[in-house]
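**Q** Using the working numbering, you'd call the opening residue of the sequence shown number 10 and step up by one each time.
A single structure is presented below for examination.
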Amino acid sequence: MLRASYWELNRVAAPGIDGETWKEYRAQMEERILDLHERVQRGTYRAKPCKRAWIPKAGGQRPLGIAALEDKIVQQAVRRVLEEIFEVEFLGFSYGFRPGRSAHDALDALWVGVMGRRINWVLDCDIRGFFDAIDQEWLMKFVEHRVGDRRVLGLIRKWLRAGVSEEGEWSKTIVGTPQGSVISPILAHVYLHYGLDLWVRHWRQHHAQGDVIVVRYADDFVMGFRQRSDAERCLQELRERLGSSAVSGLACCEGAVRNFVADVGNTWHG
């Protein structure tokens, strides 16, 4: 699996703190994969800090964590294992960085929900600084719901605690998971599944008075409501939920209930 994971990596991705590229590793790939496998099995494998890089985003910059090449290989292998375990658990309205669930699929689901149901009000939410604010202890508790292998859990802890390196300076990480690393998307989905998705499903089934739709793409999600009272109540309870101990450190970023205008469907369709 480590060998297959190496071939699945982006061959032109920026190198991490080790400075090693995919092409350079290939020169002695077979010997090094065998050595890496032995270290993983013995428990002597050590995760390296992620190299922090910054990319532009609306209103500022977004931090990215670039892992060392061998960390990418092991993370890719663990990601494939975790996907097999958790994909059967994830809910249908969850999209983004999942097999067969692209941004286009999320937009299609949103279009069908808004145009095919009695939706009059829309709640558009973004979780501010999500990847940087994940509570690592709660994340591990969530993973442990379905994963009992202590070696796998130990690997995840190593990556979470490896820290980041920026301009040669190392800093410890006690919250968050590096955005941009191979393992982060599946860990984020596990966290949001237990911290948000199951709560939203329960709220929709037991508290909503009218139709409710929801589509989540990574840490952004849209909810549609038939009744304004449901939208306003859900907004208030979401703010409380995202600030609770179960999802410590997260905040709903100016989620605003707004009247659904007639031409928004045409905009999404285009």
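Beta carbons are placed, not taken as given, at the ideal position from N, Cα and C, and that holds for glycine.
Remember, it's a predicted structure, so these values are computed and weren't measured experimentally.
Where ALA62 and GLN218 are concerned, what is the direct C-alpha to C-alpha distance, given to the nearest angstrom?
**A** 46 Å
**Q** Where do the ends of the beta strand (DSSP E) carrying GLN70 lie?
**A** Counting along the chain, GLN70 sits inside the beta strand (DSSP E) bounded by residues 69-75.
**Q** Look at the alpha carbon of GLN50 and the alpha carbon of PRO58, and state the distance between them as a whole number of angstroms.
**A** About 21 Å.
**Q** What does the Cβ neighbour count give for ASP144, buried or exposed, with the cut at 16 atoms within 10 Å?
**A** buried
**Q** Could you give the residue range of the beta strand (DSSP E) that holds LYS66?
**A** 59-66
**Q** Are there 16 or more other CB atoms within 10 angstroms of the CB of VAL256, so buried, or fewer, so exposed?
**A** Its pLDDT being 33, under 50, VAL256 is placed unreliably in this model, and the coordinates cannot settle the point.
**Q** Could you tell me whether the Cβ atoms of SER238 and ILE26 are closer together than 7 Å?
**A** No Cβ-Cβ contact shorter than 7 Å links SER238 with ILE26.
**Q** For the candidate residues GLN84, VAL152 and SER193, whose alpha-carbon lies nearest to that of ASP141?
**A** Out of GLN84, VAL152 and SER193, SER193 has the C-alpha closest to the C-alpha of ASP141.
**Q** What ranges does the beta strand (DSSP E) occupy inside the region 109-153, keeping only unbroken runs of at least 3 residues that lie completely in it?
**A** 130-135
**Q** Let's test the definition: count the other Cβ atoms within 10 Å of the Cβ of PRO72 and tell me whether it reaches 16, buried, or not, exposed.
**A** Under this definition PRO72 is a buried residue.
**Q** Looking at the ligand MN, does it come within less than 6 Å of VAL121, judged from the CB to the closest heavy atom?
**A** With respect to the ligand MN, the structure shown offers nothing to examine, as it has no ligands at all.
**Q** Under three-state DSSP, which class holds SER155?
**A** The residue asked about is misnamed: residue 155 is Arg in this sequence, not Ser. Reduced to three states, the DSSP call for ARG155 is coil.
**Q** Whose C-beta lies closer than 7 Å to the C-beta of TRP179 among residues of the same chain, with five residues either side of it excluded?
**A** PRO58 and GLY172
**Q** Grouping DSSP H, G and I as helix and E and B as strand, with all else coil, what is VAL173?
**A** strand
**Q** With contact counted as at least three CB pairs below 8 Å, one residue from each stretch, are the region 230-249 and the region 115-130 in contact?
**A** yes
**Q** Can you check which of these residues, ARG170, LEU18 and MET10, is closest to VAL191 by C-alpha distance?
**A** For VAL191, the nearest C-alpha among the options comes from LEU18.
**Q** Could you name the residues of the same chain whose beta carbon sits closer than 6 Å to that of MET10, not counting the 5 residues immediately before and after it, in chain order?
**A** ALA86
**Q** Can you tell me whether LYS32 is buried or exposed, with buried defined as 16 or more other CB within 10 angstroms of its CB?
**A** exposed
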